[in-house]
Amino acid sequence: MAAWVMLSDEIVAADQQNRRGKSPPAGAHTTLRRWLWRSFLKTAIFPLLFIELGFLGIFLASSAVVYRENVAAQRDVARDYLDDVAEREAGNISATLAGVARNTRIFTEQTERALIGNFQPSASEKARHAWSPEGAFYSRTDNGTAASYFSAYKPITPAQLATVWKLSSLDPLMMDMKNSDPMVVSIYVNTSDNYNRIYPYFEVLEQYPQNMRISEYNFYYMADAAHNPQRQAVWTNAYADPAGHGWMISSIAPVWLDNQLRAVVGQDVALGTITQRLHDLNLPWGAFAMLVDADGRIIAMPPAGERLFKLKELTSLTHADTITSDRFKPESFNLAKRADTRVLADTLRAARAGRVRLELGGGQLASFARIAGPEWSLVVVAPERQIFANSIRIRNRQQRVGGTMAGMLVMFYIAFFAFLYGRANRMSISMARPIGQLSQLLRRIGQGEYRQHFSGTQISEIDELGHQLVETGRQLGAAHQTIVEQQKTVASALRRHLLANEEQSRFLRVMSHEIRTPLAIIDSGAQILDRKADQLRPDDVRDRASRMRRAVERVSRLLQKLGQSIERDETGQVPASGGTSDVEQLVTCVAAEVVPADRLRLEVAGNGAQVAEGPPLAVALRATLDNAVRYSIPDGPITVKLELYDNEAAITVSDSGPGIPAAELDHVGERFFRGSNAATTDGAGVGIYVARKLMESAGGSLTVASTTSGTQAIHRLPLAPESVTVSEEVSG
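So that you can map any letter, position 150 of the sequence shown is 1445 in this note's numbering, and since no number is skipped, the others follow by simple counting.
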């Protein structure tokens, strides 16, 4: 119903627009089917689609809002939890490392006493030491205590050997300290003159270089005056242990005597033990904890961290590896050197505790806390994808529901579109058929088929319109026929008028030229007679008078031809026939009269044939012979040929002139027309015209053909009836 209301409204609007004299805008026309289809779209489909898409949009928007709120809440919970884990574990590690540092300071005091004292070991202790071929002094057997190694970097003096025996007094303390703390891998003392005593025991000669310089390693020089002016216990960076225990961090402290650095003591903590401790935290969401030193270098992390940062811990170092100098973690372990973790390194330097988001592995939340003492940072990292897994799962479920709703909506509207489209087609067909008949009727009337028939329709308005169109077509046909006839009459009069104007213009040009020359001759002769009358002889006077008479005769002949032509066109009369004439005799006489005897070539054999229209033929033949004489080359032959056929005679006049140009040949025979090669020859352009008219009035014809070697004028005239009979008897 709404579509019909819209249709009626638009028809009324179009009618009002036409009444105001305005046509629909360009591109506004459309088919009835398309118009109905658009009406359905505007009144039915679009509103429904708008409402349902609105509901679907509200559902998806609310789902997105709920998802964002859930994510925000879970992010806050996760951050609080990660902050708590980072602070708690950092405190635990701080306490553990603080205990190791306290034991290091105790070991420092005991080492100082040992260096000051004068302890002498047992004979068995001395007996297990030996000299290497390179000059190193080392322990060659394990008696359950420490290993001893004096480098051959410099020659060893007896006073330095005394230091070896003094420091052997520390073995019980080193054993107790090592066994009391499971994190400690080894405990050692290194002197400034390159002596090392370390517990537990290992084969030092196989592990240490013969000329080892202990001061080049960080577990020694990190405690010197330049690196540790406070002379406190400090922690080293992660390094590869020369003793073969793998990657280590060490708590070291200097031993000063008489204001000289005599030794550095230390306790090694294997990174593997710290990594295992971090791995045992069992954090949710796949989170993990790692240690980062003050320089931003990762010193311990579990396998989850290795996968995230795409690193591999160098844990394969054993006692079989000989370490000749410092060996630290690679630059790939330095967070400040990596583009994807630089923000974490900057944040760790700027604050003692906090949180940061990493654009790594799909997004990571990281909380950190500073570890007192070594100034390391414990960083707890959790992937956002795992934290928000429940929210993502709910969102995906809602998206699937929304997608299902959208799919059902699409399927419904496809079916609905198909139904409305078919409905629009049926309605448009039922309405468009009579309108199409009217359109075809109008098209045929427009194409000139004015008499039409309309079969009628059930719609009274369209039926009345159809019959009115049929009557209008009939009236248009009658009017068109009248207009066509009037156009023909006007066109004929216009052509005659144009031809008359053209002939008049041509006549004026020709007559001006033709009359000017004879008049000039007469005027010239008259002037000479006037000025020299007394001096001229009678012969000269007669000669001048003869020239003037010829000029007058030329003008007279021209005017006579012109008068004959005009009289012929105005009255339509032909010179009266004088009965039948012998065609051979007529042609011979006229040719001899016009053409000089020395130029004439006759080919006539009339056999007594007669023509009924002798005078017109004579006049026409005289005109064509005159043209042949004047336009042929000087003294050129003129050929006259007579041929007889069953019922007509053909007389051909041929000259030997230059011929008529092909472009002008069609105009030969038009009144007052003269060709481009006749400008220097006398003539008015009416000879051939009069000749052709005479031949046509006598029932014959005159045709002109031309080549570059001459022109032929062919006269055809019917034979008299008695000549035809004679001709047939002769041929029989």
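Even glycine gets a Cβ: it sits at the ideal position worked out from N, Cα and C.
Distance check for residue j and residue i, CA to CA, integer angstroms please.
i     : j     : result
P1891 : T1934 : 12 Å
V1372 : Q1527 : 40 Å
L1468 : N1387 : 26 Å
D1641 : A1631 : 7 Å
N1942 : A1923 : 27 Å
Q1369 : I1346 : 34 Å
M1472 : R1650 : 37 Å
A1664 : W1542 : 23 Å
P1929 : R1894 : 10 Å
Y1494 : M1470 : 7 Å
S1723 : R1692 : 46 Å
Q1681 : M1585 : 18 Å
P1477 : A1431 : 32 Å
T1883 : L1814 : 35 Å
P1870 : S1876 : Caution is warranted here: a pLDDT of 49 is assigned to P1870, below 50, making its placement in the model unreliable, and the coordinate value is therefore given only provisionally. Those two C-alpha atoms are separated by around 14 Å.
A1615 : N1506 : For A1615, the pLDDT reaches just 41, beneath the cut-off of 50, and the residue's location in the model is therefore unreliable, leaving the point undetermined.
S1427 : K1449 : 13 Å
D1818 : A1993 : 42 Å
D1758 : R1721 : 21 Å
F1497 : E1429 : 20 Å
K1827 : R1842 : 17 Å
P1956 : L1793 : 25 Å
T1326 : R1718 : 15 Å
H1775 : P1729 : 27 Å
L1344 : W1330 : 20 Å
Which residues in the same chain have their Cβ closer than 6 Å to the Cβ of residue i, if we skip the five residues on either side of it in sequence?
i     : result
Q1562 : V1395, T1399, V1479, I1482 and S1546
Q2007 : T1947, S1949 and A2000
G1591 : N1629, L1630, A1631 and A1640
K1936 : E1898 and T1947
P2016 : none
Excluding the 5 residues preceding and the 5 following residue i in the sequence, name in chain order all residues of the same chain whose CB lies nearer than 8 Å to its CB.
i     : result
M1990 : P1911, L1912, A1915, S1996, L1997, H2010, R2011 and L2012
T1919 : V1948, G1982, I1983, A1986, L1997, A2008 and H2010
I1570 : The amino acid at residue 1570 is misidentified as Ile; the sequence shows Thr. These residues qualify, in order along the chain: A1595, M1596, P1597 and E1608.
D1635 : L1653, E1654 and L1655
F1683 : N1365, V1366, Q1369 and R1370
L1552 : E1407, L1410 and I1411
L1351 : G1697, M1700, A1701 and L1704
T1568 : P1477, M1478 and V1480
Under 8 Å between the Cβ atoms of residue i and residue j?
i     : j     : result
Y1376 : S1686 : no
L1392 : I1666 : yes
A1518 : V1529 : yes
S1443 : R1508 : no
A1381 : V1696 : no
I1816 : A1846 : yes
F1293 : Q1732 : Any property of residue 1293 remains undetermined from this structure, which presents the chain solely from 1296 to 2027.
G1581 : A1565 : no
G1702 : L1736 : no
R1746 : G1768 : yes
S1434 : V1484 : no
S2004 : G1954 : yes
Y1516 : S1510 : yes
E1670 : A1548 : no
Bridge partners for residue i per DSSP, in chain order?
i     : result
P2013 : E1943
T1486 : A1558
M1585 : V1674
T2002 : G2005
P1549 : V1559
Q1659 : L1653 and P1678
R1665 : S1672
F1432 : W1426 and F1445
S1949 : T1934 and Q2007
M1543 : Y1534 and A1565
I1593 : V1587
V1876 : Val is not the amino acid found at residue 1876; the sequence shown has Ser there. According to DSSP, which records beta bridges pairwise, S1876 is partnered with V1906.
R1492 : S1443 and V1484
A1648 : A1664
Any heavy atom of the ligand MN closer than 7 Å to the Cβ of residue i?
i     : result
E1429 : For the ligand MN, the structure offers nothing, since it holds no ligand at all.
Give every residue of the same chain whose Cβ lies closer than 7 Å to the Cβ of residue i, excluding the five residues on either side of it in the sequence, and list them in chain order.
i     : result
D1835 : none
T2033 : As displayed, the chain neither begins before 1296 nor continues past 2027, which places residue 2033 out of reach and without an answer.
ask   = Using 8 Å as the threshold, is the stretch 1703-1719 in touch with the stretch 1411-1422, meaning 3 or more CB pairs across them?
value = no
ask   = Can we say the stretch 1547-1561 touches the stretch 1401-1412, given the rule of at least three CB pairs closer than 8 Å?
value = yes
query = Are there three or more Cβ pairs, one per stretch, closer than 8 Å when the stretch 1517-1535 is compared with the stretch 1452-1464?
reply = no
query = Using 8 Å as the Cβ pair cut-off and three pairs as the minimum, do the stretch 1341-1361 and the stretch 1740-1747 touch?
reply = no
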